[in-house]
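Below is one structure; the comments refer to it alone.
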Amino acid sequence: MEHDRIIALRNNKTVFRDGDKVLKVFDGSFKESEVLSEALNQARVEETGLPVPSVREVTLTDGRWTIVTEYIKGKTLVALMAEQPQRRGEYISRLVDIQLEIHAKRCPELVRQRDKMIRHIIESELSATERYDLYSRLDAMPKHSKLCHGDLGPSNIMITESGEHYILDWSHASQGNGAADAARTYLLLGCDGDNESAELYLDFYCERSGAEQCYVRRWLPIVAAARLPQANEAEREYLRPFISAEYD
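Residue 493 in the numbering used here is what sits at position 244 of the sequence shown, and the numbering runs on without skipping anything.
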């Protein structure tokens with residue numbers, strides 16, 4: 250494969266630019282169904298009218314699955330925050346506005362958030378007692394059907410030169426509770442070592458959504474546990490204290 254340049258490199262996938270296209274190339278650990286599901290999620294979300302890069306095709310080359318999408322020229326919010334730390338508050342505010350824009354949409358074809366959480370908690374290394382407690386907590390939480398990104402952090406928002414935004418990486422998308430999605434974003438920011446941004450984000454989110462902070466925090470044990478199967482060792486070390494915490 251000849252590509253212009255590598256955009257992102259992770260343990261199990263590589264993202265290339267190829268002219269006006271972006272190629273996300275998965276390694277052999279990904280099942281065909283997982284790759285097709287991610288592409289379908291993105292196509293379905295695009296149909297809601299949200300600014301999402303269009304899916305061009307899904308291919309299999311040299312035994313590796315690839316999702317091809319349109320290339321969006323710009324910088325991610327995480328890059329802008331690194332370049333202009335004095336504007337952190339402005340960028341976190343933008344993140345919240347975009348997330349609320351997502352939560353205002355409905356996408357009934359997507360998997361239910363609660364079902365995904367239960368499956369991931371089952372796959373975690375938690376004890377039967379811990380899992381039972383988490384199931385009980387989840388069962389007590391309100392059931393909603395808002396579109397949720399599931400992994401919305403500054404690295405998944407692209408800002409163009411004209412100031413438009415595009416929302417990337419819909420592999421974790423579901424329909425469910427917006428406060429749970431907010432809890433995931435809070436954990437993402439904190440896991441990156443930016444606790445100040447995490448708290449600022451939660452202030453903005455609750456102020457604009459009308460949700461109480463204690464309500465969002467009650468989602469933290471459930472969301473942290475559901476993240477464990479995909480987390481690396483450093484992430485697991487960060488997440489574990491949230492799982493056993495009590496939030497009134």
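Just so it is clear, CB atoms sit at the ideal spot from N, CA and C, and this is done for glycine as well.
Check, Outcome
"Where Asn-405 falls, given that 16 or more other Cβ within 10 Å makes a residue buried", "buried"
"Beta carbon of Arg-313 nearer than 8 Å to that of Asp-267", "no"
"Rounded separation between Tyr-381 and Tyr-496 - CA only", "17 Å"
"Beta-carbon gap between Val-271 and Thr-318 smaller than 8 Å", "yes"
"Start-to-end residues for the beta strand (DSSP E) that takes in Tyr-220", "Any question about residue 220 goes unanswered here, given that the chain covers just 250 to 497."
"N- and C-terminal bounds of the alpha helix (DSSP H) containing Arg-485", "482 to 492"
"Where Ser-373 sits in the DSSP three-state scheme", "coil"
"Where the alpha helix (DSSP H) through Cys-440 begins and ends", "427 to 440"
"Option in His-398, Ser-385, Tyr-454 with minimal Cα separation from Ile-471", "Ser-385"
"Rounded C-alpha distance that separates Leu-383 from Asp-452", "25 Å"
"For Ala-480 and Thr-378, the rounded distance between their alpha carbons", "21 Å"
"Start and end residues, alpha helix (DSSP H) containing Ile-347", "337 to 352"
"Rounded straight-line distance, which links the Cα of Ile-408 to that of Lys-324", "5 Å"
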